[in-house]
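So the structure is just underneath, and the comments pick up after that.
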Amino acid sequence: MHGNIQSLPKGTKMASSVAVIGAGIAGIQAALDIANRGILVHLIEREPSIGGHMAQLDKTFPTNDCSMCILSPKMAEIARHPFIQLHTCTIVDKIEGNVGNFTVTIRTIPRFIDESLCNGCGDCVRICPVEVYNRFDAGLGARKAIYKPQTQAIPDIVVKDSEHCIECGLCYDVCDLDAILKEDAEKILEFKVASIIIAVGYTVFDACRKEQYGYLRFPDVITSLELERMLNASGPTAGELRRLSTGELPKSVLFIQCVGSRDIKVQRAYCSCVCCMYAIKNAILIKERYPETDVTICYQDIRAYGKGYEEYYKRAESLGIRFLRGLPGSVDEGVERLSLQVENTETDEVLTLYPDLIVLSVGLDPAPDIEKLAKALGIPLEETGFMRPLDDTLGPVLTIRKGIYVAGTVTAPRDIPDSVTMGEAAAMKAVKDVLEAEAYEAAR
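Residues in the sequence shown are numbered consecutively from 558, following the working numbering.
Take a look at the structure:
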């Protein structure tokens, strides 16, 4: 039996549930694996919907399977699972205790919606006159002041943005269920758990930090996440590739790799693991949909390390996608198109390119507020800013705190299959803690 559980003070009541912090694909997988063992899971997500970054993607590499076709059944299972208690729009305020007996305090941000009444019909969204920046569409689209984060959001209810709502009253009038609240307040909840899984994910590198590429100065310089939303059928352009300057189909697209990765100047010396493959994926999608479009990838070296990845890379080459070994120095504004110079390091030739659309393959940064969470948990961070596991080789989901586990990109950039695997591994560790706590309780 676990040493820490045995050492708890006599009379301590053991917990028989688990908290999973973060409801991206790693957190979802961990929650489902634990709940399917008949153990209660508190799944905590700061956003209004679960799904994480995977919900924003169009396809997954190297199979080009629809991202939401994989993810949405798992999201739906989360919503109806009897052993999962979902907390969205929720932040973890405090965690105290030890393995078998953690106390978690969470704070739920007001939705201004009666969650027991709202059925997600969307009447209020359609009538709302206010449009603001849509973070889910990476800024390419707009959303209303009352909205659902995405079409397949879980929970399937709206959220009112009190910051941008002008209180015109139209949403109150159109809602027959009276589910929209004029006033709402934060809610504090405290519960006991035997173990905790941290799966808070990542954020993408701010491309504005690479000023030489002209992001936000030139409309036809976009990030890889913006391209993902553009290519997605549910995105702001209904899946159509477009130049933001003219709305026309670009005749040439250039990908620039390692933007915010393997770059000491912006304190990002690490490789972000997925950039080569997602650039190849999007290049393939563009080439298959628009065969006449010229597609070039400027890279340092291609890191195709996973199962089927090298074959995927070769497939891209066979489609006529050009791989140019070298990174541009800067992007300049031409007469009709952007221009840039790049040295082909394989031939020592300096080329001048005039792409219609430039895509910056941005790297993966640690999740927001990860430093605050790590400090609260007593878990150290890597120099990169990600959480440090107990041992990268022998204990990748363990931490120095017994009963607290990590999964997905919280410890380092990684792809979806590896994130799912870590979620499963962390889940089994958490299940073991619950079973030991229950056995200890029964033996007392």
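Glycine included, each C-beta is placed from N, C-alpha and C at the ideal position.
In this text the structure is predicted, and so the values were computed from the model without any measurement.
Could you give the residue range of the alpha helix (DSSP H) that holds S781?
781-788
When the distance is taken between beta carbons, is H644 closer than 7 Å to I601?
yes
The beta strand (DSSP E) enclosing I642, as first and last residue numbers
A quick correction: the sequence has Gln, not Ile, at residue 642. First-last of the beta strand (DSSP E) with Q642: 641-644.
Three-state class that DSSP yields for T708 in the structure shown
coil
Would you mind stating whether A764 and V919 have Cβ atoms separated by less than 7 Å?
yes
Bridge partners of T956, per DSSP?
T956 is not bridged to any residue.
The region 791-798 in contact with the region 690-706 per 3-pair CB rule at 8 Å:
yes
T853 and R879 closer than 7 Å at C-beta:
yes
How far does the beta strand (DSSP E) with P776 in it reach, from first residue to last?
Run containing P776: none; DSSP gives neither H nor E here.
According to DSSP, residues forming a beta bridge with G654
F659
If the criterion is Cβ atoms closer than 7 Å, does the pair A710 and G579 meet it?
no
Under the three-state reduction of DSSP, which class applies to Y856: helix, strand or coil?
strand
DSSP state of Q499 mapped onto helix, strand, coil:
Residue 499 falls outside the range modelled here, since the chain spans only 558 to 1001, and no answer is possible.
Can you give me the Cβ contacts of P937 inside the same chain, cut-off strictly under 6 Å, excluding the 5 residues immediately before and after it?
R945
So, with DSSP's three-state summary, where would you put K616?
strand
Which complete alpha helix (DSSP H) runs does the region 715-764 hold, if anything under 4 residues is left out?
727-731
6 Å Cβ shell around E747 - same chain, five flanking residues per side excluded:
T662
Own chain residues within Cβ distance below 6 Å of C833, not counting five before or after
I859, R860
Please report the straight-line C-alpha distance between N691 and K986, rounded to a whole angstrom.
38 Å
Using the Cβ count rule (16 or more neighbours within 10 Å means buried), how would you classify T803?
exposed
Touching or not, the region 759-779 and the region 923-933, by the rule of three or more beta carbon pairs under 8 Å?
yes
Between the region 724-740 and the region 925-934, do three or more beta carbon pairs fall short of 8 Å?
no
Which residues mark the beginning and the end of the alpha helix (DSSP H) in which S918 is found?
From DSSP, S918 is part of no alpha helix (DSSP H) but of the beta strand (DSSP E) over 914-919.
Run through DSSP, which three-state label would I878 get?
coil
T978 - containing beta strand (DSSP E), residue span
Taken as a continuous stretch (DSSP letters only), T978 belongs to no beta strand (DSSP E), being part of the alpha helix (DSSP H) at 973-1000.
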